[in-house]
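Read in order, the letters of the sequence shown correspond to residues -18 to -1, 1 to 527 in mature numbering (1 follows the signal peptide of the UniProt record, and there is no 0).
Ideal placement from N, C-alpha and C gives every residue a C-beta, glycine not left out.
Every value quoted in this text rests on a predicted model; they were computed, and no experiment measured them.
Take a look at the structure below.
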Amino acid sequence: MKKIFLLPFLLFSIVSFSQTKKIKILSTELSTADESKYPGATLLIGKVKMSHEGATLDCQRALLYKDKNLFKAIGEVVIEQGDTIIQYSDFATYDGNTKKAKSWGNVEINDKEMTLKTDTLHFDRINQILYYPNGGTIRDKKNTLSSIKGTYFLKDKKFTAKSKVTVVNPDNKLESDHLDYYTNSSVAYLYGPSTITNLKDSTKVYSEKGFYDTNTDISYFVKNAKLFLKERTVSADSLYYDKRKGFASATNNIKVVDTVQNMVAKGNYAELYEHKDSLFIIDRAVAISVLEKDSMYVAGDKILLTGKPEKRIARIFNNVKIFKSDLQGKCDSIHTSQETGLTRMFNRPILWSKNSQITGDSIQLLTDKETNKLDSLKVLKNAFMIQQDSIHRDNYNQIKGRDIFGKFEKGELHTMLVKGNAESLYYNNNDKTHKLETITKEIASDIEFILENGEIAQTKYFKKSEGTTYPPSKFPSEEKKFKGFLWRGNEQPKTVEDIFVKDTIVAPPSKEKKELDVVKEAKENFINETKKKKKLEELNPKRLK
């Protein structure tokens, strides 16, 4: 009896469950059948309305396959799912067993957040997913999104689109190969090559991974990020950009290309203020300028570029080093004006050109704005040029005066004029044997030098007052170096990478430290003397009496 009772109960449960899945006909003007044309189907004509588990379907004609629990609708099809979505199309099929619908022909679907239009749409009611395979458009309050393929997740209000995706509003156009777009927040998450173009000023942002808030115009990218402005291109590992404020910050492997001035700036952290035309770079910061097909690298702790291109000012602060194939330099800070072409070096400035070292209180370089070539050099106050002898490395040719004015030709120093209290010391070698023959020391008001291949080839003296040429054995050793001589060849950057090496600076001891050292030294001397005296007393007590 127990088995007989359970079997009817199980059958009743299965039938009841299957009945809850069956499509129900709510109304129709005509219900008929035509087995020859539509075997197994009920033909419904005129104001057809059906329902299935919270959804209703309206159309003009339909075929209902009761055994298959399948429904085919024709003409003015409307599908409603509670108060969540409403869908329109010319045709539709619906499987009550799988809860999947396919609609085609002028498909339009609406929910509280968006309107979707396409030619063919698949609807998975169980997972609440909409999918179109052949092109579609979504419109919300902010944007219009189009793509070839797209999936819309009703629960998350998320739209996933692939292949030729565009998101457009009156201000911007986003193009991507793969993105997720949330209709409730208007935020797009990018997972493939993507470009955002501002339709008002044509600025662009490119990335392959990141997010973009279309409400605030704020974006953040973390893969192959590039920002294209009118006169600059910024690329970095990661990039934050607030279009409305005109502010961008970039991190790691930064490269800023000035398309107008043919200059590149690099570093590992940068801030750009678009409206103020200013750029700030730190952490391995370097500015690179192309001069006569040769690049000049200027590195420092901080780089600050301000102003419009034609009046741009470049400031580089602290631990500044310069490298060019034929010119290197070093100072504490540099100021360059694009308008004048003048570059000024401050705080212990120094330049090296081949074997020559140039120092002074201030050094200035002038660039021809039309040719973008180095034109001239000024060394102001306490000008000192030292040239290491290429044969006898312990000998140094020296030029000293109040100021030095130099002229470049083909990128190399060619002429140098020493003005005011000029002195020179020159070691003369035999051209064939390279043996040191004489040493010449001259004093004049002004001295002019012509250089060839970095070596002094000609000398011209103005208002010459005195001069002496010595044989090497007769030259006074105390006059071998002018007052203030300091050869700093070990500081010269020999490669581009050298400009990033920080110099070890030993700070002079403070006054307090000096006083403590004196006290410490006196204490140590007293202890040592006491020990000596005690030892002597032990060895010979009578000697001390």
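Contact under 7 Å by Cβ, residue i with residue j
| i | j | result |
| --- | --- | --- |
| Asn116 | Thr133 | no |
| Lys389 | Ser358 | yes |
| Pro475 | Gln310 | yes |
| Asp385 | Ala365 | yes |
| Arg121 | Thr97 | yes |
| Lys140 | Tyr164 | yes |
| Ile316 | Ile285 | no |
| Leu156 | Ile178 | yes |
| Ile426 | Tyr452 | Reading the sequence as shown, one finds Ala at residue 426 and not Ile. In this structure, Tyr452 does not lie closer than 7 Å to Ala426 by Cβ. |
| Leu324 | Leu287 | no |
| Leu37 | Gln69 | In the sequence on display, residue 37 carries Ala and not Leu. No. |
| Leu45 | Tyr20 | yes |
| Ile56 | Met32 | no |
| Val400 | Ile381 | yes |
| Asp314 | Lys290 | no |
| Asn151 | Lys124 | yes |
| Arg326 | Gln346 | yes |
| Ile67 | Ile91 | yes |
| Phe73 | Gly87 | yes |
| Asn166 | Glu95 | yes |
| Val30 | Thr14 | no |
| Ser220 | Val204 | yes |
| Lys360 | Phe387 | yes |
| Lys54 | Thr75 | yes |
| Gly383 | Glu424 | no |
| Ile108 | Lys81 | yes |
Residue from the options whose Cα sits closest to the Cα of residue i
| i | options | result |
| --- | --- | --- |
| Lys248 | Thr325, Leu52, Ala74, Ser217 | Ser217 |
| Gly174 | Ile200, Ala143, Thr451, Leu8 | Ala143 |
| Thr322 | Lys462, Asn329, Asn354, Lys54 | Asn354 |
| Ser71 | Gly78, Asp65, Lys84, Asn79 | Lys84 |
| Glu461 | Arg326, Thr441, Tyr409 | Tyr409 |
| Thr233 | Thr241, Asp265, Gln243, Asn180 | Asp265 |
| Gln370 | Val59, Lys463, Ser176 | Lys463 |
| Glu473 | Asn79, Leu8, Ile332, Leu127 | Ile332 |
| Phe193 | Lys182, Ser176, Asn180, Leu181 | Ser176 |
| Leu127 | Asn109, Asp276, Asn154 | Asn154 |
| Gly28 | Asp40, Glu17, Gly471, Ser18 | Asp40 |
| Lys363 | Glu391, Asn180, Thr341, Leu26 | Thr341 |
| Thr198 | Asp224, Asn180, Leu181, Asn206 | Asp224 |
| Thr397 | Tyr378, Ile438, Ser406 | Ile438 |
| Asn412 | Pro454, Asp16, Thr349 | Pro454 |
| Leu172 | Ser145, Lys182, Asn180, Leu181 | Ser145 |
Chain-order list of residues whose beta-carbon lies under 7 Å from that of residue i (same chain, five-residue window excluded)
| i | result |
| --- | --- |
| Gly22 | Tyr47, Asp49 |
| Gly282 | Ala267, Ile298, Phe299, Asn300, Asn301, Val302 |
| Val280 | Val268, Ala269, Ile298, Val302, Ile304, Ile316 |
| Asn329 | Cys313, Asp314, Ser315 |
| Lys237 | Ser217, Val246, Lys248 |
Beta strand (DSSP E) segment containing residue i, residue limits
| i | result |
| --- | --- |
| residue 541 | The structure shown has nothing for residue 541, since the chain only spans -18 to 527. |
| Val60 | 52 to 63 |
| Leu359 | 355 to 370 |
| Asp199 | Where Asp199 is concerned, there is no enclosing beta strand (DSSP E), given that its DSSP letter is neither H nor E. |
| Asp106 | 97 to 106 |
| Thr318 | 309 to 319 |
| Leu181 | Run containing Leu181: none; DSSP gives neither H nor E here. |
| Ala230 | 229 to 240 |
| Asp195 | 191 to 195 |
| Val169 | 169 to 172 |
| Arg417 | Looking at the sequence itself, residue 417 is Lys, so the reference to Arg does not match. Taken as a continuous stretch (DSSP letters only), Lys417 belongs to no beta strand (DSSP E), as it is neither H nor E. |
| Gly383 | 378 to 391 |
6 Å CB neighbourhood of residue i in its chain, flanking five on each side removed
| i | result |
| --- | --- |
| Val246 | Val239, Ile270 |
| Phe(-7) | With a pLDDT of 36 at Phe(-7), under the threshold of 50, the modelled position of that residue is not reliable, and no figure is offered here. |
| Val147 | Ser129, Ser158, Leu161 |
| Asp195 | Val169 |
| Gln440 | Ile432 |
| Tyr222 | Tyr202, Ser231 |
Proximal residues to residue i (C-beta, below 8 Å), its chain only, five neighbours per side dropped
| i | result |
| --- | --- |
| Val488 | Below a pLDDT of 50, predicted positions are generally treated as unreliable, and Val488, at 46, falls in that range; no measurement from the model is reported. |
| Gly402 | Gly383, Arg384, Asp385, Ser427, Asp428 |
| Gln42 | Ile27, Gly28, Lys29, Val30, Ile56, Gly57, Glu58 |
| Asn244 | Ser271, Val272, Asn354 |
| Leu8 | Lys31, Met32, Ser33, Thr38 |
| Leu181 | Pro152, Asp153, Asn154, Lys155 |
Just checking, does the stretch 245 to 255 make contact with the stretch 220 to 229 on the three C-beta pairs under 8 Å criterion?
-> yes
Cβ contact (3+ pairs, closer than 8 Å) linking the stretch 429 to 437 and the stretch 409 to 418 | Verdict: no, contact absent.
Validate contact between the stretch 298 to 307 and the stretch 473 to 485 using beta carbons, cut 8 Å, 3 pairs = yes
Cβ pair count under 8 Å reaching 3, the stretch 173 to 193 against the stretch 203 to 221 | Counting Cβ pairs under 8 Å, three or more are found: they touch.
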